[in-house]
Structure formats: C-alpha cells, structure tokens
Amino acid sequence: MSTTNKTNTKSNKAVRPPIVTIMGHVDHGKTSILDYIRKTKIQEREYGGITQHIGAYQISHKSKLITFIDTPGHAAFSQMRSRGGKAADLVVLVVAAEEGVKPQTKEAILHAKAAGVPIIVAINKIDKPGADSQKVKQELAQANIMVEDWGGDIVCVETSAISGKGISELLDAILAVAEMENLVADSNAELEAIIIESKLDPKRGVVVSCIVKSGSLKVGSEVTGSGIEAKVKSMVNPYGISIDIAGPSTPVEILGFKTTPHIGDLIVEKGSELAELSIVDDHNEVIGANTKRTVGIIIRADTQGTLEAVKQSLANLITESVGLDFSIKFVHTATGDITDSDVLLASTTDSVIVGFNVKEGKSVTELASELKVTAKTYKTIYDLIDEIKDLLEGTAIKEEQKIKGRAQVIKKFKLPSGDVILGSKILAGKVKENDRVGIFLINPSEATEQDTPLYYSKIKKIKVQKNEVKEIKKGLECGLLLKPQIDEIEPGMYIEVL
C-alpha cells in the first residue's frame with residue numbers, strides 16, 4: 001500500500017531533541033564521555049539500562065531528550081553530508097587537558113565548521129596530572145576556536161569521564177545551545193531520516209540504523225533510500241524495544257531493505273516529492289557505471305541553469321566518447337562558491353572539484369593543498385570539458401607535478417628587531433616574494449600523500465647579502481623572512497612553494 005501524500009496535512013511543528021556527535025583526537029576521551037553519559041543517564045529510563053548498538057541513543061536530562069550519534073569517525077561524519085544531509089545539530093569537541101590540541105582535533109574543527117554546526121568544547125581528563133585547561137584554551141584560540149572566557153562565544157566545559165565531573169554541566173550546555181538554535185520539526189511533514197549505519201546481518205538480513213530528521217517513520221511504510229525501495233517490516237529503538245512509529249530526532253533500527261543503502265543518504269517515503277527528486281539524483285549520479293573506473297566529481301556553478309548545463313555536458317562527454325574506460329559520479333552539485341565543506345567531502349570521497357563562474361577562497365585553496373584535493377575553476381565550458389576528458393583518459397587534472405620552488409633551511413639568524421631570517425639554499429625551481437609556502441620536516445620529494453606541511457606561511461622578503469630581491473633561483477643562497485614567522489622552524493627543514 002502506498003504511503004499517503006502529506007502535502008495537505010496540517011503542520012505539527014514542535015521543538016525536537018538536539019542530535020549531537022562527539023569528536024576529537026584519538027584517546028582524548030570521546031568514548032569514555034559517551035559511556036559515562038550512557039551508564040548514568042540511561043539507567044534513569046524505564047528500560048533497565050540495556051541498550052542496543054544501533055549507532056545512536058537517546059538520554060533524558062532535566063526532563064529533556066538529547067540524541068547522541070556514537071558511530072562516526074571523521075570520515076563517516078563527512079559521508080553523512082555527501083548528499084547535503086546534516087546528521088548532527090551540534091558537535092562536542094573533546095580535548096584532553098594534559099595533551100591539548102592535536103591533528104585530529106584540528107580535523108574535527110574543520111569538519112564541524114564545514115558542516116555549519118555549533119561547537120561545544122569539553123576539556124576532558126581535567127583530573128589527570130599535567131592537566132592545563134588554560135593552555136588548551138590558548139591552543140584552541142590559535143585554531144580559531146574562541147571560548148567564552150577568552151572573549152569568544154563558544155561554550156567550554158571542564159570534564160572527567162572517570163569521576164563524572166562536569167558531565168551534567170556539559171549536558172546543560174547542549175540543551176542551552178540547542179534552545180538557541182531553535183530546533184523544530186514537523187511530525188506530519190514528509191519523511192526524512194538520515195542513515196547512520198547500514199550492514200548485512202547473517203541472521204536478520206539488511207539492518208539499517210537511521211535518525212528521523214522530519215516527519216514520522218512507521219512500520220509498514222513504503223520507503224526508498226539510495227534508490228533502493230523497501231517496506232519497513234520492524235523497528236526498534238536503542239533499548240531494543242519494538243515500536244510502530246518514530247518521530248523527529250528519534251534513532252531507530254529498521255528491517256525491510258533487501259540491499260544495504262549508503263551511510264549519509266536519506267530515507268524518504270516512496271512516491272513522495274522527495275523520492276522523485278532522489279530518483280532524479282540517483283539517475284544522474286553515476287554515468288557509465290558499468291565501466292571499470294569511476295571518477296567522483298563535485299560541481300559548483302553560479303546558477304542552477306549553468307549547473308544543469310555543466311552536468312549535461314559531462315554526461316554527453318561520456319556517451320559520445322569512444323574507447324574511454326571510465327564513469328563519472330556526481331558526488332555533490334550545488335550553486336555558489338567552492339567551500340571548505342566541498343574540500344572535506346572531496347577528500348573523503350576521493351573526488352575532484354570543478355567550479356564554473358564561481359570563486360575559490362583563500363581558506364579553500366589552503367585546505368585543498370593540505371588535503372591534496374584538486375579544485376579548479378573555469379570560465380568556459382570548453383576548458384572544463386577538455387580537462388575532465390584529460391583526467392578520464394588518465395592525464396592528471398591535478399596541478400603540474402614539477403616543483404615550483406624548494407629551499408632548505410641552513411641557519412637561523414635573529415635580528416635586533418626580533419625578526420628571524422632563515423638562511424636557505426634554493427634546491428629547485430625559484431622562490432618569489434609573496435609566494436605561499438609550506439614547511440616540511442623531510443624533503444617533499446620523499447614525502448608520501450599522508451605527509452602534509454607542518455606549517456603554512458608566506459615569503460615576506462628575500463635577501464641576498466644586504467640586498468632585497470624579488471625572486472631567487474635554484475643553486476643560490478639567500479635569507480628568507482616569512483610572514484607569519486614560525487618559531488618552530490629549524491635548520492634542515494624544507495620550504496616548499498605551494
């Protein structure tokens with residue numbers, strides 16, 4: 001039986017529980033905080049504290065519900081945005097008090113900002129020897145996370161997942177931020193549920209975990225997700241209790257799919273307007289899918305009309321080309337300038353970004369360089385098609401692999417003014433005033449794809465003896481002044497023009 005179309009159904013908007021994900025560096029206590037909350041709060045519920053692992057759970061704090069997603073690493077967080085679905089309403093960023101900001105902390109910050117969700121900081125392990133919350137706040141400020149007592153607007157709570165110190169205050173903060181975000185949903189609207197886990201169980205078949213974002217999911221509903229149709233046979237909540245209906249922000253595990261849909265995709269009602277849009281997306285997403293190689297592409301264009309024209313031109317390229325062994329997957333298409341979120345998504349899905357009549361901001365360029373993502377913009381459709389064709393024929397669309405400029409630091413000199421001059425030898429290419437550079441610990445020629453610059457800066461001045469020059473070429477020695485200056489640079493490190 002088809003699901004009823006809800007276009008004319010009366011609106012039933014109401015405040016919904018916030019959906020929260022906890023992120024941070026490995027071993028900083030993300031899981032411990034979740035475990036403590038689960039242990040203490042779920043026991044207050046009527047289910048005896050027994051939970052199913054469905055990728056999410058709900059707790060009650062001061063008579064209000066909070067939904068926690070407990071699946072994702074950072075890559076999964078990105079996957080959940082791959083079709084524009086925003087899984088979480090806010091992110092709790094966990095930072096260990098004795099270790100401070102680490103690489104995965106910075107990555108988590110980027111993901112949260114790219115998703116456009118508020119951040120709450122939890123400085124964890126506050127009772128451990130060496131804990132220094134002020135140092136952590138200073139390092140967060142350097143990562144552009146300004147907490148409230150440092151003059152910013154980001155809530156920060158000190159916690160211990162061992163003693164429980166600060167956990168209640170953390171939950172208070174989540175509810176307060178959620179209230180400011182004005183989270184509402186309509187249980188009578190068309191169904192939208194985001195998939196957070198999808199697996200094949202040997203005994204039960206395909207098991208899908210999802211969180212309802214809008215509308216209601218019911219047993220017996222005919223739905224579609226990732227282009228796969230299903231009838232919901234059964235549904236359980238995180239406590240293993242069978243339920244017949246799930247409203248907004250409710251995590252559930254459902255049976256009924258015959259094959260596994262993708263994490264991050266939406267489950268919608270079969271026959272609904274959203275389902276029709278999904279069918280169009282699925283039809284257009286992969287072109288030439290029976291071939292051996294698939295190239296993921298993220299497209300940004302200035303208008304919807306231009307966007308459709310670019311997609312159609314790429315589709316024509318596939319159908320009209322002979323002997324090219326490839327397929328194109330449209331991972332994401334949207335209007336507007338290229339964003340940090342696009343770069344993170346491209347990194348997660350191994351895609352390239354093409355922009356048509358749009359801009360690529362400085363932060364996008366730096367992030368793309370750091371994550372080794374190809375992002376290019378075009379003014380003519382012919383140039384775009386030519387480069388995509390080169391890529392599909394095996395010619396890299398990436399920036400030329402020849403070295404633009406490389407220097408090795410030989411010695412450091414501190415001037416009376418406080419400036420630090422880096423005595424350097426140019427090993428390859430040339431270095432110019434105002435060049436953007438990355439600082440490497442090892443020779444970039446020996447670096448792997450995982451080796452990204454330790455720091456980023458810019459060439460402010462180049463000195464040869466007492467004279468300032470605009471550029472310097474391979475084989476020569478010079479003094480380089482960077483802006484911003486980086487105290488951590490030592491002799492033996494490499495400066496690479498980006």
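Residue numbers (UniProt numbering): 1 to 498.
From the three backbone atoms N, C-alpha and C, an ideal C-beta is built for every residue, glycine too.
Fair warning: this is a prediction, and the values are worked out from it, not measured in the lab.
Contacts around residue i, its chain only, beta-carbon distance under 6 Å, and the 5 residues preceding and following it disregarded
i, result
"LYS414", "VAL420"
"LYS231", "GLU222 and GLY256"
"VAL219", "VAL232, MET235 and ASP244"
"GLU179", "none"
"LYS64", "LEU175"
"TYR378", "PHE356 and LEU384"
Beta-carbon proximity check, residue i vs residue j, cutoff 9 Å
i, j, result
"LYS311", "ILE338", "no"
"VAL343", "VAL364", "yes"
"THR452", "LEU371", "yes"
"ILE439", "LEU454", "yes"
"ILE119", "LYS128", "no"
"SER369", "GLY296", "no"
"ASN357", "ASP435", "no"
"ILE211", "ILE19", "yes"
"GLU433", "ILE462", "yes"
"VAL268", "ALA193", "yes"
"GLY429", "ILE459", "no"
"GLY215", "ALA185", "yes"
"GLY418", "VAL497", "no"
"GLY479", "VAL464", "yes"
"LEU170", "ILE33", "yes"
Distance between beta carbons of residue j and residue i, contact taken as under 8 Å
i, j, result
"LEU90", "ILE174", "7 Å"
"ALA87", "ILE245", "About 21 Å separates the two Cβ atoms, so there is no contact after all."
"LYS125", "ALA96", "5 Å"
"SER198", "HIS262", "7 Å"
"ILE37", "ILE123", "At roughly 16 Å, the Cβ-Cβ gap does not stay under 8 Å, so ILE37 and ILE123 are not in contact."
"ILE381", "THR333", "Not confirmed; about 15 Å, so no contact."
"VAL373", "ALA346", "5 Å"
"ILE442", "LYS425", "Incorrect: roughly 16 Å between the Cβ atoms, too far for contact."
"LYS376", "VAL354", "6 Å"
"HIS28", "GLU107", "Going by Cβ atoms, the distance from HIS28 to GLU107 rounds to 13 Å, so no, they are not a contact pair."
DSSP three-state assignment for residue i, whether helix, strand or coil
i, result
"LYS102", "coil"
"VAL136", "helix"
"GLY61", "It is His, not Gly, that sits at residue 61 in the sequence shown. The answer is strand: DSSP assigns HIS61 an E or B state."
"ILE37", "helix"
"HIS111", "helix"
"TYR382", "helix"
"GLY305", "helix"
"ASP212", "Reading off the sequence shown, one finds Val at residue 212, where the question assumed Asp. Residue state, collapsed to three classes: strand."
"MET23", "strand"
"ILE174", "helix"
"GLU488", "coil"
"ILE495", "strand"
"ASN316", "helix"
"GLN465", "coil"
"GLU253", "strand"
"ASP153", "coil"
"VAL331", "strand"
"GLU190", "coil"
"ASP201", "strand"
"residue 502", "Lying outside 1 to 498, the shown extent of the chain, residue 502 is not represented and no answer is given."
"LYS311", "helix"
"ILE298", "strand"
With 16 other Cβ atoms within 10 Å as the buried cut-off, status of residue i
i, result
"VAL26", "exposed"
"LEU140", "buried"
"SER163", "exposed"
"ALA14", "exposed"
"GLU308", "exposed"
"THR259", "exposed"
"ALA176", "exposed"
"VAL431", "buried"
"LYS483", "exposed"
"LEU191", "buried"
"LYS30", "buried"
"ASP265", "buried"
"ASP70", "buried"
Close beta carbons around residue i, own chain, < 7 Å, minus the five adjacent residues each side
i, result
"ASP340", "LEU110, LYS113, ALA114, SER363, VAL364 and LEU367"
"ARG204", "LEU255"
"THR306", "PHE356 and ASN357"
"ARG16", "LEU183, VAL184, ALA185, PRO248 and SER249"
Sequence-distant residues of the same chain with beta carbon closer than 8 Å to residue i, five excluded per side
i, result
"GLU148", "ILE154, VAL155 and CYS156"
"ASP201", "VAL207"
"GLN142", "VAL101"
"PRO103", "HIS25"
"LYS165", "ILE126, ASP127, GLU158 and THR159"
"LYS412", "VAL420, ILE421, LEU422, GLY423, ILE489, GLU490 and PRO491"
"GLU181", "PRO18, ASP89, LEU90 and PRO118"
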